[in-house]
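Heads up: the structure comes next, in structure tokens.
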Amino acid sequence: MSNVLEVNHLQIQFKIGERYHEAVQDVSFSIRQGETLGLVGESGCGKSVTSLSIMRLLAKGTKISGEVKYGDRDLLKLSESQMRKIRGNEIGMIFQEPMTSLNPVHRIGRQIVESLLLHRGLTGKRAADTAIEMLARVGIPRPEQIAQEYPHQLSGGMRQRVMIAIAMACNPGLLIADEPTTALDVTIQAQILDLMRNLASEHRTSILLITHDLGVVAEMCDRVAVMYAGKIVEQGTVRQIFHNPQHPYTKGLLNSIPKITGERKRLQPIEGNVPSLRNMPQGCRFAPRCPHALDKCRVSAPEFFEIEEEHKSQCWLHA
Amino acid sequence: MSDTLIEVRELRKHFPIRRGVLQRVTGHVRAVDGVGFRVGKGETLGVVGESGCGKSTMGRSILRLIEPTSGTVEFQGKNILNLSKADMQLMRRQMQIVFQDPYASLNPRFTVAKTLMEPMIVHKLHDKATRMSRVKSLLERVGLDPDYAERFPHEFSGGQRQRIGIARALTLNPKLLILDEPVAALDVSVQSQVLNLLKDLQDEFALTYLFIAHDLSVVRHISDRVLVLYLGRMAELADTDSIFSDPLHPYTKALLSAVPIPDPDVRRERIILKGDLPSPANPPKGCPFHTRCPVAAQICREQVPEWREAKQGHFVACHLA
Chain W
1 MSNVLEVNHL QIQFKIGERY HEAVQDVSFS IRQGETLGLV GESGCGKSVT
51 SLSIMRLLAK GTKISGEVKY GDRDLLKLSE SQMRKIRGNE IGMIFQEPMT
101 SLNPVHRIGR QIVESLLLHR GLTGKRAADT AIEMLARVGI PRPEQIAQEY
151 PHQLSGGMRQ RVMIAIAMAC NPGLLIADEP TTALDVTIQA QILDLMRNLA
201 SEHRTSILLI THDLGVVAEM CDRVAVMYAG KIVEQGTVRQ IFHNPQHPYT
251 KGLLNSIPKI TGERKRLQPI EGNVPSLRNM PQGCRFAPRC PHALDKCRVS
301 APEFFEIEEE HKSQCWLHA
Chain A
1001 MSDTLIEVRE LRKHFPIRRG VLQRVTGHVR AVDGVGFRVG KGETLGVVGE
1051 SGCGKSTMGR SILRLIEPTS GTVEFQGKNI LNLSKADMQL MRRQMQIVFQ
1101 DPYASLNPRF TVAKTLMEPM IVHKLHDKAT RMSRVKSLLE RVGLDPDYAE
1151 RFPHEFSGGQ RQRIGIARAL TLNPKLLILD EPVAALDVSV QSQVLNLLKD
1201 LQDEFALTYL FIAHDLSVVR HISDRVLVLY LGRMAELADT DSIFSDPLHP
1251 YTKALLSAVP IPDPDVRRER IILKGDLPSP ANPPKGCPFH TRCPVAAQIC
1301 REQVPEWREA KQGHFVACHL A
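So the sequences go chain by chain: W and A. By our numbering, the letter at position 308 of the first sequence is numbered 308, and the numbering carries on one by one without gaps. By our numbering, the letter at position 44 of the second sequence is numbered 1044, and the numbering carries on one by one without gaps.
Structure (structure tokens):
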């Protein structure tokens, strides 16, 4: 199967004070057509920054290097006007907080129409009809009326449906979803995940799903990349990651979450805290928190070791 | 059953809705609408429900941080809703609260030492030297370096701040802690550290917890019994194992089935609820859940289900359960 997106050796540096600090270091992954890739990790691991760099939405003055190939184009090399033709058209994006990503002073319908007029060259009437059709497709009741309403009149779940309608309006090849259900209640989360799954399989849309919730990953993703402190530490199919985790960080994460079934026993947390951008540990970035760290881990950064097909882990223990 | 520490009866909190120039009361938001339960000494009662179900309002009403509209809250046999302001302040030594957001609940201009000493100063306890040594021992107990006492909140991570929030709640040696989403803002790896700390502190100081959360896995992990709220009313109450293995209320069933399980091979029958939570200003007639209930019958639309003991120690408000 062909790759829709290919990220190679992505490197992102932010300027803090006088110095540049590496927020993302040598990140590579690919997404095939119709596939959902989960990018998991805790706050500050670089998962959102990675997704924003694909859309070229990071502030000026951020140093980005590497390659982000969408089809045969390198998105990092496109001009701003070329990029505008891709955003919202070929790549759609939904964010965590639907209230801050919708424009509060425009009616819902108009916000969907915008991208249709811009990218699809539809006329006003056709675009308005398509917008209502989109609202109906994302399961919004009374779509004609809702199109006339403002974001504040809708509930959180409804707003996220509207965001999905906007993101999917131009039938993009790739949908980037950054914590799409984190702000929602579980019963609403279930509705939204269901909707995303159905739309994606209907249109063979690829999804890059960014989340910290391992339950959501297990449910939605075909493959998973685990990020820690700006690096991908392990990558594999969803079964490889959940049934045969290799990196001590992945294992630690899976062990530290309370479960909804089975025996209730004491949790095994990962001790310590995530390192800050300003003082990243030498060598393996997880070493200070790793229960198995060797001397080698503290001085030199490990490469990827292939565990089996599709499954690789960045840890000296596999050497 | 262990001795009762706190018993809540028919607790209600209705917020008035005011409209127009004269600010006339045109209706009420029934945030908490007739909630009652008891919590035994040393027990953890988990309170779950979706946003807007009234769980936080309930926690605050119990401490009278929000004055409840009606009902009683008996703490060790004494109704604290009748207490004078001075008596209530004294009573608050026994009952403390930990909030969700460790960024918003610590004063950014106070050092950790000042934050932790404040309760002792308010209650005129100990001299200065004893207060400081108590601060240090509390910091150590919650897993922070005592030398951090002179630092400010912005120098700490979310997990460390939540430890400070817990230490502050413990300064006065309370019997009851109301924990309002104490781990919701934390990363998974840190969340488990704080949950373990809460368990250890409970054992060490014989604390009673009212643990309010929306995350069902967390509630299951920490609670002895669980109360499920929906739209300000009680849907179900039972010991943790019964709630999770044999839920009776259709809402509890839907809630449980909606939780994503971190195992790609587990595929469950999912009950997807239609629609959103109705407004508590205008709750549905009859059973508050009937508008979203997959099994609602005619009686559910007409009559409010009574709160009954369906099995030993397992209470539910549903006509059909």
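Every residue, glycine too, gets a C-beta built ideally from N, C-alpha and C. Computed from a predicted model, the values in this text were never measured in an experiment.
Within 8 Å, strictly: CB atoms of residue i and residue j
i: Arg-1225 (chain A); j: Thr-1240 (chain A); result: yes
i: Arg-1220 (chain A); j: Phe-1244 (chain A); result: yes
i: Arg-156 (chain W); j: Gln-191 (chain W); result: Rather than Arg, the amino acid found at residue 156 (chain W) in this sequence is Gly. No, Cβ-Cβ distance for Gly-156 (chain W) and Gln-191 (chain W) is not below 8 Å.
i: Lys-312 (chain W); j: Gln-25 (chain W); result: no
i: Pro-172 (chain W); j: Asn-89 (chain W); result: yes
i: Glu-1067 (chain A); j: Gly-1034 (chain A); result: no
i: Gly-1040 (chain A); j: Leu-1005 (chain A); result: yes
i: Arg-37 (chain W); j: Arg-197 (chain W); result: The residue asked about is misnamed: residue 37 (chain W) is Leu in this sequence, not Arg. Contact: no.
i: Gln-314 (chain W); j: Glu-202 (chain W); result: no
i: Ile-1062 (chain A); j: Val-1008 (chain A); result: yes
i: Ile-1222 (chain A); j: Lys-1199 (chain A); result: yes
i: Ile-307 (chain W); j: His-318 (chain W); result: yes
i: Gln-1100 (chain A); j: Pro-1182 (chain A); result: yes
i: Met-55 (chain W); j: Ile-91 (chain W); result: yes
i: Gln-1096 (chain A); j: Leu-1172 (chain A); result: yes
i: Gly-41 (chain W); j: His-212 (chain W); result: yes
i: Thr-1057 (chain A); j: Lys-1013 (chain A); result: yes
i: Ala-218 (chain W); j: Ile-1261 (chain A); result: yes
i: Gly-1036 (chain A); j: Ala-1213 (chain A); result: no
i: Leu-1210 (chain A); j: Val-1142 (chain A); result: no
i: Gly-215 (chain W); j: Val-1259 (chain A); result: yes
i: Pro-248 (chain W); j: Phe-286 (chain W); result: yes
i: Val-162 (chain W); j: Leu-174 (chain W); result: no
i: Leu-1320 (chain A); j: Cys-1053 (chain A); result: no
Boundaries of the alpha helix (DSSP H) in which residue i is found, first to last residue
i: Ile-210 (chain W); result: Where Ile-210 (chain W) is concerned, there is no enclosing alpha helix (DSSP H), although the beta strand (DSSP E) it sits in stretches over 206-211.
i: Val-1142 (chain A); result: Where Val-1142 (chain A) is concerned, there is no enclosing alpha helix (DSSP H), given that its DSSP letter is neither H nor E.
i: Tyr-249 (chain W); result: 248-256
i: Ala-190 (chain W); result: 186-203
i: Gly-156 (chain W); result: 156-168
i: Gln-399 (chain W); result: Within the shown structure, residues of chain W are numbered from 1 to 319, placing residue 399 (chain W) beyond reach of any answer.
i: Arg-1161 (chain A); result: 1158-1170
i: Gln-1298 (chain A); result: 1298-1302
i: Phe-242 (chain W); result: 238-243
i: Leu-214 (chain W); result: 214-220
Cβ distance (whole Å) where residue i is taken to contact residue j below 8 Å
i: Leu-1277 (chain A); j: Glu-1050 (chain A); result: 6 Å
i: Leu-1227 (chain A); j: Leu-1216 (chain A); result: Not quite, the Cβ-Cβ distance comes to about 13 Å (not below 8 Å), so this is no contact.
i: Tyr-1148 (chain A); j: Leu-1138 (chain A); result: Contact flag wrong, Cβ pair sits at about 11 Å.
i: Ser-1189 (chain A); j: Gly-46 (chain W); result: No, Ser-1189 (chain A) and Gly-46 (chain W) are not in contact; Cβ-Cβ is about 16 Å, not under 8 Å.
i: Leu-1229 (chain A); j: Lys-1055 (chain A); result: 5 Å
i: Ala-177 (chain W); j: Ile-94 (chain W); result: 5 Å
i: Ile-210 (chain W); j: Leu-39 (chain W); result: 5 Å
i: Ser-53 (chain W); j: Leu-10 (chain W); result: 7 Å
i: Leu-1201 (chain A); j: Gln-1094 (chain A); result: About 16 Å; that fails the 8 Å criterion.
i: Thr-62 (chain W); j: Ile-12 (chain W); result: 6 Å
i: Thr-1072 (chain A); j: Leu-1081 (chain A); result: 6 Å
i: Cys-1318 (chain A); j: Leu-1248 (chain A); result: 7 Å
Boundaries (first-last residue) of the beta strand (DSSP E) holding residue i
i: Ile-1006 (chain A); result: 1004-1019
i: Asn-8 (chain W); result: 3-16
i: Gln-1202 (chain A); result: Here Gln-1202 (chain A) belongs to no beta strand (DSSP E); instead the alpha helix (DSSP H) covers 1188-1205.
i: Ser-43 (chain W); result: Careful: Ser-43 (chain W) lies outside any beta strand (DSSP E) and carries neither H nor E.
i: Glu-1095 (chain A); result: Correcting the residue identity first, residue 1095 (chain A) is Met in this sequence and not Glu. Met-1095 (chain A) -> beta strand (DSSP E) spans 1095-1098.
i: Thr-182 (chain W); result: Element bounds for Thr-182 (chain W): n/a, residue is neither H nor E.
i: Glu-308 (chain W); result: 305-308
i: His-1126 (chain A); result: No beta strand (DSSP E) contains His-1126 (chain A), which DSSP labels as neither H nor E.
i: His-21 (chain W); result: 19-32
i: Val-224 (chain W); result: 223-228
i: Ala-1149 (chain A); result: Run containing Ala-1149 (chain A): none; DSSP gives neither H nor E here.
i: Ile-260 (chain W); result: Neither: Ile-260 (chain W) is in no beta strand (DSSP E) and is coded neither H nor E.
i: Val-1183 (chain A); result: Careful: Val-1183 (chain A) lies outside any beta strand (DSSP E) and carries neither H nor E.
Test: residue i CB closer than 8 Å to a CB of chain C
i: Phe-242 (chain W); result: Here chain C cannot be found, since the structure's protein chains are W and A.
Segments of 4+ residues assigned as alpha helix (DSSP H) that fall wholly inside the stretch 1214-1270 of chain A: Entirely contained in the stretch 1214-1270 of chain A, the alpha helix (DSSP H) runs reaching 4 residues are, in chain order, 1216-1222, 1240-1245, 1250-1258.
At least three beta-carbon pairs within less than 8 Å, the stretch 197-212 of chain W to the stretch 9-21 of chain W: Segment contact: the stretch 197-212 of chain W against the stretch 9-21 of chain W, fewer than three CB-CB distances shorter than 8 Å; contact not assigned.
Touching by the beta-carbon criterion (3+ pairs, under 8 Å), the stretch 1154-1165 of chain A and the stretch 1182-1199 of chain A: Because the criterion of three Cβ pairs below 8 Å is met, the stretch 1154-1165 of chain A and the stretch 1182-1199 of chain A touch.
Ranges of the alpha helix (DSSP H) found wholly within the stretch 1019-1088 of chain A, counting only runs of at least 4: Whole alpha helix (DSSP H) segments, 4+ residues: 1055-1062.
Every unbroken beta strand (DSSP E) within the stretch 70-136 of chain W, with a cutoff of 3 residues, ordered by chain: If only complete runs of 3 or more residues are kept, the stretch 70-136 of chain W shows the beta strand (DSSP E) at 91-94, in order along the chain.
Cβ contact check for the stretch 26-38 of chain W and the stretch 214-230 of chain W: 3 or more pairs under 8 Å: Enough Cβ pairs lie closer than 8 Å, so yes.
Contact between the stretch 281-299 of chain W and the stretch 1289-1305 of chain A (3+ Cβ pairs under 8 Å): Because the criterion of three Cβ pairs below 8 Å is not met, the stretch 281-299 of chain W and the stretch 1289-1305 of chain A do not touch.
Given 8 Å, three or more beta-carbon pairs between the stretch 94-103 of chain W and the stretch 61-80 of chain W: Put simply, the stretch 94-103 of chain W does not touch the stretch 61-80 of chain W. Fewer than three CB pairs are less than 8 Å apart.
Validate contact between the stretch 127-145 of chain W and the stretch 98-117 of chain W using beta carbons, cut 8 Å, 3 pairs: Enough Cβ pairs lie closer than 8 Å, so yes.
Completely contained alpha helix (DSSP H) runs for the stretch 279-308 of chain W, where each covers 4 or more residues: Segments of the alpha helix (DSSP H) lying fully in the stretch 279-308 of chain W: 295-299.
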